[in-house]
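In this text, residue positions in the sequence shown follow the numbering used here: the first is 1, and each later residue adds one. The structure appears right after this line, and notes come after that.
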Amino acid sequence: MMSEGWIDVQIRTAVDAAELLGLLADPVIQGGWEEQGVVHLYWPKQQWSMEARGRLSRTLQRLDP
Numbered sequence: 001m002m003s004e005g006w007i008d009v010q011i012r013t014a015v016d017a018a019e020l021l022g023l024l025a026d027p028v029i030q031g032g033w034e035e036q037g038v039v040h041l042y043w044p045k046q047q048w049s050m051e052a053r054g055r056l057s058r059t060l061q062r063l064d065p
């Protein structure tokens with residue numbers, strides 16, 4: 001989901017948002033939280049890329065295969 005200037009990446013997962021943020025260790029991520037089994041992570045729109053998406057996917061696969 002996109003809003004002005006931000007990408008809200010929504011992931012249905014059992015992984016804790018804080019744990020995921022720590023493992024990603026991406027300084028451009030502005031924050032994240034979990035709500036009803038969905039983790040929300042916020043990237044500045046200009047920083048979201050296929051590389052960031054790939055890094056997120058690989059991290060999730062390691063945690064929640």
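Every residue, glycine too, gets a C-beta built ideally from N, C-alpha and C.
Do residue j and residue i count as a contact pair if the criterion is CB distance below 7 Å?
i	j	result
residue 7	residue 45	yes
residue 59	residue 39	no
residue 32	residue 52	no
residue 15	residue 63	yes
Whose CA, out of the options, lies closest to the CA of residue i?
i	options	result
residue 28	4, 48, 63 and 62	48
residue 43	37, 24 and 19	24
Enumerate in chain order the residues of its own chain whose CB-to-CB distance from residue i is below 8 Å, with the five nearest sequence positions on each side excluded.
i	result
residue 21	29, 31, 32 and 41
residue 37	12, 13 and 14
Can you tell me the Cα-Cα spacing of residue i and residue j, whole angstroms?
i	j	result
residue 35	residue 54	23 Å
residue 56	residue 26	10 Å
residue 50	residue 5	17 Å
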